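Numbering (my numbering), first residue to last: 325 to 456.
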């Protein structure tokens with residue numbers, strides 16, 4: 325089961341952090357069709373956020389067709405966002421992990437890695453253009 329982590333200093337609305345983390349877990353295959361999301365009560369206990377915030381996030385996921393609320397049972401994932409290239413042992417992930425090791429070995433800090441990644445991503449995925 326997914327465990328949400330809230331960064332109160334990020335500037336990103338709490339409900340959006342929950343939405344993004346749920347989607348990321350779906351993309352990585354950690355959550356798949358039929359899996360139950362934690363109840364609002366469980367998320368509140370683990371993160372100390374307002375229950376309405378959790379419910380807002382779950383409604384957003386439901387609106388996007390990713391989850392389904394089942395009265396008395398919980399909220400369940402209805403779609404997979406996983407693509408083969410993102411599997412834990414897929415070649416792209418392995419190459420990226422190797423690259424991260426090299427970056428750390430050369431002394432790059434996390435902020436340096438983020439800046440480099442964002443720069444290359446912007447070159448490969450210009451705003452307003454879609455890759456096939």
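Using N, Cα and C, we set each Cβ at its ideal position, and we do this for glycine too. Source: prediction; values computed, not measured.
Checklist entry - Would you call residue 450 buried or exposed, if buried means 16 or more other Cβ atoms sit within 10 Å of its Cβ? => result The residue you call residue 450 lines up with position 126 of the chain shown. With fewer than 16 Cβ atoms within 10 Å of its Cβ, residue 450 is classed as exposed.
Next on the checklist: Runs of 4 residues minimum, wholly inside the segment 333-415: which ones carry the alpha helix (DSSP H) assignment?
Outcome noted: 338-351, 364-371 and 375-387
Item to check | Cβ contact check for the segment 433-446 and the segment 391-409: 3 or more pairs under 8 Å | outcome: no
Item to check | Candidates 362, 382 and 426, of which the one nearest residue 340 by Cα | outcome: Translated into positions along the chain shown, residue 340 becomes position 16. Checked all of 362, 382 and 426; the closest Cα to residue 340 is 382.
Checklist entry - Nearest to residue 367 by CA position, among 420, 352 and 379, is which residue? => result Translated into positions along the chain shown, residue 367 becomes position 43. Minimum Cα distance to residue 367 is reached at 379.
Item to check | Residue environment, residue 430, which counts as buried when at least 16 other CB atoms sit within 10 Å | outcome: Numbered from 1 along the chain shown, position 106 holds the residue referred to as residue 430. Residue 430 is exposed by the Cβ-count criterion.
Checklist entry - Anyone know if the C-beta pair for residue 352 and residue 346 falls short of 8 Å? => result Here the question's residue 352 lines up with position 28 in the chain shown. Here the question's residue 346 lines up with position 22 in the chain shown. Taking 8 Å as the Cβ cut-off, residue 352 and residue 346 do not qualify as a contacting pair.
Next on the checklist: Using 8 Å for Cβ pairs, my map puts residue 330 next to residue 363. What's the rounded Cβ distance?
Outcome noted: By 1-based counting over the chain shown, the position of residue 330 is 6. By 1-based counting over the chain shown, the position of residue 363 is 39. About 16 Å; that fails the 8 Å criterion.
Checklist entry - Shortest alpha-carbon distance to residue 401 belongs to which of 440, 343 and 442? => result By 1-based counting over the chain shown, the position of residue 401 is 77. Of 440, 343 and 442, the residue nearest in Cα terms is 343.
Checklist entry - Exposed or buried, which one is residue 416 when buried takes at least 16 other CB atoms within 10 Å? => result Along the chain shown, read from residue 1 onward, the residue named residue 416 stands at position 92. With fewer than 16 other Cβ atoms within 10 Å, it is exposed.
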